[in-house]
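Report on the following structure.
There are 2 protein chains.
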Amino acid sequence: MSYMIKGEAAAIETELLKDYRFGQQQLIEIWGQACALAITKAYPLSSISKKQPTVLVICGPDQNGSIGLVCARHLRIFEYEPTIYHPKRSSQNLHQDFTVQCEKMDIPFLSYLPTEVQLINDAYNLVIDAMLGPGSDISNIKEPYLGILGTLKQVKIPIASVDVPSGWDEEEATQDGITPEVLISLTAPKKCAASFSGKHFLAGRFLPYDIQKKYDLNLPDFPGTDSLIEL
Amino acid sequence: MSYMIKGEAAAIETELLKDYRFGQQQLIEIWGQACALAITKAYPLSSISKKQPTVLVICGPDQNGSIGLVCARHLRIFEYEPTIYHPKRSSQNLHQDFTVQCEKMDIPFLSYLPTEVQLINDAYNLVIDAMLGPGSDISNIKEPYLGILGTLKQVKIPIASVDVPSGWDEEEATQDGITPEVLISLTAPKKCAASFSGKHFLAGRFLPYDIQKKYDLNLPDFPGTDSLIEL
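Top to bottom, those sequences are chains A and B. So the first sequence is numbered by UniProt numbering: it starts at 1 and just counts up by one. So the second sequence is numbered by UniProt numbering: it starts at 1 and just counts up by one.
Following this line, the structure appears as structure tokens:
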């Protein structure tokens, strides 16, 4: 399997949207649902230690955040108890719609993230990091995300990151960054995933063969009808 | 479990689109993917008798047809060999996009349906009927669908219908209509499903609990993380 260098994920997405006429909404739904399934594999309800299967989903302002919102919605359907922290909402209708879908399904939204880390450790079984994603300018991370990353570096409960751990460079792990237990790669792993040593999933099974070939992705065979695979 | 009377499916969909701010594209993707999974359950690759796992997907002009297109695309990803017959294409961008996605994935489109039924029996393992769906005016079925129904009544390979068998009334089976082997109900079974005696699936697991309650749907529990259940 090959790793995608900087810009390749964006180029593939542009091709899917322009040439294949996929919709952004459609892709985000596919990816978010696949992320939720990865979480159910990595942390099945039966394995969850706290009484309630609570999950804190931290959503960024852009596409990675919307994938987090879809993931939270499907986790709710799978009987988990997600809580969302979505500090900066996008002005785009598309992203707002995903927010409303969660609100209307009575998924609670936090108005702020406790700075007292123990409160997070006590309240949730895990954190889903759907904040910055690929293509973020990590040399210039602004608030509130800088503060959130500071908090996440201290939490003791596991973190599962969507696509690229927040604060990591797409091409290499950030030395003093967060250390997720699980990484859910979308489309194909980004180069930084090569230095990730936790549980690694590839999620979202829909990529046209011509695109897989063109970008030399060498994706593994997904088992049966699963939409994800543990790498 | 309760059956939906005429108009309820449409009312639920309106609520999902207006109040919950789901997108039509998003719903069609969810339903089409779930239909493909139902087909893999009903007709697993290992059970298919012909050398090639060919499937003929007949798509109508509206939403049911688009669900068929999404189903065909996912079947292709699951290593089936779908062929699409889509005689009347919608002028709506949304539906056209689903068509392009299939075309770009090299799924063949028939330009006409053979009237010689034996050709269909010989070429395909099964037919997916994604033609008319709920809400169609079955007292006034026009060409080419009338002719297609005539052909489907004669085919010897199994038919799997999406949501409502084409030509059936939403509330009761049509006596001289087609007799599918499989019915894939979306959202919840329509009343006509009560008189269906084949393999019956409920597919698409995403419906907000408040809607399930409001419409008294009494949906069964989906097993594990499955997005479908055999009823």
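Beta carbons: idealized from backbone N, C-alpha and C, even for Gly. Keep in mind that this is a model prediction, so the values were computed, not measured.
Beta-carbon spacing of residue i, residue j below 9 Å
i	j	result
L56/A	T99/A	no
I128/B	I39/B	yes
residue 239/B	G224/B	No information on residue 239/B is available, as it lies outside the stretch 1 to 231 that chain B covers here.
C59/A	A130/A	yes
Q63/A	Q96/A	no
M1/A	P189/A	yes
Q92/B	R73/B	no
K153/B	G177/B	yes
L119/B	I159/B	no
I229/B	D221/B	yes
V162/B	I77/B	no
I12/A	T187/A	yes
Within chain B, partners of residue i - CB distance below 9 Å
i	result
L126/A	Simply none; closest approach about 17 Å.
L37/A	T225
Listed by chain order, chain B residues near residue i by CB distance under 8 Å
i	result
V100/A	Y20 and R21
Chain-ordered chain B contacts of residue i [CB-CB under 7 Å]
i	result
Q26/A	Q25, Q26 and E29
D97/A	R21 and G23
Chain A contact residues for residue i, given Cβ-Cβ distances below 9 Å
i	result
A105/B	The amino acid at residue 105/B is misidentified as Ala; the sequence shows Met. Ordered by position in chain A, the residues that pass the 9 Å Cβ test against M105/B are Y20, P208, Y209 and D210.
R205/B	H74, I77 and F78
T40/B	G224 and T225
Residue i - containing alpha helix (DSSP H), residue span
i	result
V155/B	Where V155/B is concerned, there is no enclosing alpha helix (DSSP H), given that its DSSP letter is neither H nor E.
D129/A	Where D129/A is concerned, there is no enclosing alpha helix (DSSP H), although the beta strand (DSSP E) it sits in stretches over L126 to A130.
Y209/A	Y209 to K214
Proximal residues to residue i (C-beta, below 6 Å), its chain only, five neighbours per side dropped
i	result
A42/B	V182 and K199
P53/A	L45, Y80 and E81
P61/A	K88 and S90
P108/A	T83
N218/B	M1 and S2
Within-9 Å CB hit, residue i to chain E
i	result
T187/B	Here chain E cannot be found, since the structure's protein chains are A and B.
Sequence-distant residues of its chain with Cβ nearer than 7 Å to residue i (five each side left out)
i	result
S227/A	A34, L37, A203, G204 and R205
T115/A	T151
D47/B	Just to set this straight, residue 47/B is Ser in the shown sequence, not Asp. Closer than 7 Å at Cβ, skipping near neighbours: no residue.
C193/B	The sequence as given places Ala at residue 193/B; Cys does not occur at that position. Within the same chain, A193/B has close Cβ partners Y3, L183, S185 and H200.
K6/B	E170 and E171
8 Å Cβ shell around residue i - same chain, five flanking residues per side excluded
i	result
F22/A	L16
S195/A	E172 and A173
V117/B	T151, Q154, V155 and K156
Limits of the unbroken beta strand (DSSP E) element including residue i
i	result
L119/B	Unbroken run through L119/B is the alpha helix (DSSP H), V117 to A123; no beta strand (DSSP E).
I5/B	That residue, I5/B, is in no beta strand (DSSP E); it is neither H nor E in DSSP.
I229/B	L228 to E230
Quiz item: Can you list, in chain order, the stretches of the beta strand (DSSP E) that have 3 or more residues and sit fully within the stretch 61 to 112 of chain A?
Solution: Runs of the beta strand (DSSP E) inside the stretch 61 to 112 of chain A: 81 to 85.
Practice problem: Enumerate, from N- to C-terminal direction, the unbroken alpha helix (DSSP H) stretches of 4 or more residues contained entirely within the stretch 7 to 61 of chain A. | Solution: Segments of the alpha helix (DSSP H) lying fully in the stretch 7 to 61 of chain A: 8 to 18 and 24 to 42.
Quiz item: Which full runs of the alpha helix (DSSP H) of 4+ residues lie inside the stretch 154 to 207 of chain A, going along the chain?
Solution: Along the length of the stretch 154 to 207 of chain A, whole alpha helix (DSSP H) runs at least 4 residues long do not occur.
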